[in-house]
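Enquirer: Taking the numbering used here, the leading residue of the sequence shown gets 94, the next gets one more, and so forth. My questions will all concern the structure given below.
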Amino acid sequence: MAGLPSGAIVGQVEAVGDGGYAGAVSDLSLARRAALRDRTAFTALVDRHGPAMYRYVLRMVQDPEVAADCLQDTLVAAWTGFPAFRGESAPRTWLFGIATRQAYRHRSRAARLPGPLPDDLVESTSHAPDQDAVDTALVEALDIALLGLPPLQRSCWLLREVEGLHYAEIADILGTTHDSVRGMLHRARATLAERMKGWR
């Protein structure tokens with residue numbers, strides 16, 4: 094862990110400012126500076142994309158501690174790998190690609206039954222306790238249904254539906270084609286619709 098910027102430690106991936114860079118500085122500029130070992134630029138990238146990467150890996154591995162380890166490994170790999178970053182894909186795409194590979198590694202190391210998501214990640218549109226219980230149960234049912242998807246379909250669905258990435262970005266992250274992403278999303282949506290039909 095030596096040499097990793099202290100602001101990039103997982104558990105600390107919360108808004109700590111933009112590392113001295115205004116929001117107008119592009120991800121590509123920050124990535125190029127991070128490649129030159131600029132810790133402030135790396136921290137700014139982590140501040141921008143760390144929370145989304147954590148949400149993504151948490152939904153992939155279904156365990157907050159494993160997700161934190163996975164994100165930590167992602168950040169270490171990114172910091173180590175930035176000197177080789179050529180900008181052939183967007184920095185966000187490159188970071189999510191690393192996060193995806195780490196999530197697959199962690200899931201294969203310890204297959205776990207899904208547990209409930211942390212309360213602070215379950216957003217409710219109502220303050221009524223009964224509605225909160227239904228919302229929590231719905232999220233848990235979706236998490237269980239997601240775990241039943243093949244890993245690539247689950248990744249496609251999460252990257253598109255939760256993180257809002259475009260098909261081309263997802264294809265770059267997963268090392269596949271736009272058409273393959275479209276097909277996997279179609280199958281994932283159909284499977285989830287079938288598994289979640291009791292919640293309609």
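In this text, a Cβ means the ideal position worked out from N, Cα and C, and glycines have one as well. These figures come from a predicted structure and were not determined experimentally.
1. Between CYS249 and VAL274, which are expected to be in contact by the criterion C-beta below 8 Å, what is the C-beta distance as a whole number of angstroms?
2. Does GLN155 come out as helix, strand or coil in the three-state DSSP assignment?
3. Nearest to ILE266 by alpha carbon, out of GLY291, GLN195 and THR229?
4. Taking 8 Å as the threshold, find out whether the stretch 127-141 comes into contact with the stretch 172-184 through three or more Cβ pairs.
5. Helix, strand or coil for GLU181, going by three-state DSSP, please let me know.
6. Relative to the C-alpha of ASP170, which candidate in LEU188, GLY180, ARG141 and VAL154 has its C-alpha closest?
7. Among GLY241, GLU256 and LEU123, whose alpha-carbon lies nearest the alpha-carbon of ARG280?
8. Compare the Cα-Cα distances from VAL150 to each of ALA234, THR269 and GLN165 and report the closest residue.
9. Quick check on THR133 - is its C-beta less than 7 Å from some C-beta in chain D?
10. Just reading off the alpha helix (DSSP H) that MET277 is part of, what are its end residues?
11. According to DSSP, is GLN105 helix, strand or coil?
12. Given a cut-off of 7 Å, decide if ALA230 and MET289 are closer than it, judged by their beta-carbon atoms.
13. DSSP state of ARG293, grouped into three classes?
14. Alpha carbon to alpha carbon, what distance is there between HIS199 and MET277?
15. Rounded to the nearest angstrom, what separates THR284 and ALA261 at their Cα positions?
16. Please identify the residue among GLY180, ARG132 and ALA192 whose C-alpha is closest to the C-alpha of VAL144.
17. Below 8 Å on the Cβ atoms is my guess for ALA134 versus LEU121; work out the distance and round it to an integer in Å.
18. Roughly how many whole angstroms lie between the Cα atoms of HIS271 and VAL118?
19. Rounded to a whole number of angstroms, what is the C-alpha to C-alpha distance between LEU258 and GLU287?
20. ALA183: which of GLY291, ARG282, ARG293 and ALA264 sits nearest, CA to CA?
21. Can the beta-carbon of LEU251 be found closer than 7 Å to that of ARG141?
Expert: This is what the structure gives:
1. Looking up residue 249 in the sequence shown gives position 156. Looking up residue 274 in the sequence shown gives position 181. About 6 Å separates the two Cβ atoms, so the contact holds.
2. Along the sequence shown, read from residue 1 onward, the residue named residue 155 stands at position 62. Three-state DSSP puts GLN155 in coil, outside helix and strand.
3. Walking along the sequence shown from the start, residue 266 turns up at place 173. Closest option to ILE266, Cα to Cα, is GLN195.
4. yes
5. Within the sequence shown, numbered from 1, the residue matching residue 181 stands at position 88. Correct three-state label for GLU181: coil.
6. Here residue 170 corresponds to residue number 77 of the sequence shown, with the count starting at 1. The displayed chain sequence assigns Ala, not Asp, to residue 170. Per the Cα distances, LEU188.
7. Locating residue 280 in the sequence shown gives position 187, counting from the first residue. Nearest in C-alpha terms to ARG280, of all of GLY241, GLU256 and LEU123, is GLY241.
8. Counting from 1 along the sequence shown, the entry for residue 150 is found at position 57. Checked all of ALA234, THR269 and GLN165; the closest Cα to VAL150 is GLN165.
9. Chain labels in this structure do not include chain D; a single protein chain is all it has.
10. For the purposes of this step, residue 277 is identified with residue 184 of the sequence shown, where counting begins at 1. Looking at the DSSP string, the run of the alpha helix (DSSP H) that includes MET277 is 271-288.
11. For the purposes of this step, residue 105 is taken as the residue at position 12 of the sequence shown. Unreliable positioning characterises GLN105 in this predicted model, as indicated by a pLDDT of 42, which lies under 50. The coordinate reading is nonetheless provided below. Note: GLN105 maps to coil in three-state DSSP.
12. Translated into positions along the sequence shown, residue 289 becomes position 196. Translated into positions along the sequence shown, residue 230 becomes position 137. No.
13. Stepping through the sequence shown from its first residue, residue 293 is reached at position 200. Looking at ARG293 - three-state DSSP - the assignment turns out to be coil, as it is neither helix nor strand.
14. Residue numbering aside, residue 277 sits at position 184 when the sequence shown is read from its first letter. Residue numbering aside, residue 199 sits at position 106 when the sequence shown is read from its first letter. Roughly 22 Å between the two C-alpha positions.
15. Taking the first residue of the sequence shown as position 1, residue 284 is located at position 191. Taking the first residue of the sequence shown as position 1, residue 261 is located at position 168. The alpha-carbon atoms of THR284 and ALA261 are separated by roughly 23 Å.
16. For the purposes of this step, residue 144 is identified with residue 51 of the sequence shown, where counting begins at 1. Sequence check: residue 144 is Pro here, not Val. Comparing Cα positions, the closest option is ALA192.
17. As a first step, residue 134 is located in the sequence shown; it is residue number 41 there, counting from the start. As a first step, residue 121 is located in the sequence shown; it is residue number 28 there, counting from the start. Their Cβ separation, rounded to whole angstroms, is 11 Å, which puts ALA134 and LEU121 out of contact at 8 Å.
18. Taking the first residue of the sequence shown as position 1, residue 271 is located at position 178. Taking the first residue of the sequence shown as position 1, residue 118 is located at position 25. Rounded to the nearest angstrom, the two C-alpha atoms are 29 Å apart.
19. In the sequence shown, residue 258 corresponds to position 165, counting from 1. In the sequence shown, residue 287 corresponds to position 194, counting from 1. Their Cα atoms are separated by approximately 24 Å.
20. Position 90 of the sequence shown, counting from 1, holds the residue named residue 183. Answer by Cα proximity: ALA264.
21. As a first step, residue 251 is located in the sequence shown; it is residue number 158 there, counting from the start. As a first step, residue 141 is located in the sequence shown; it is residue number 48 there, counting from the start. The answer is no: Cβ separation not under 7 Å.
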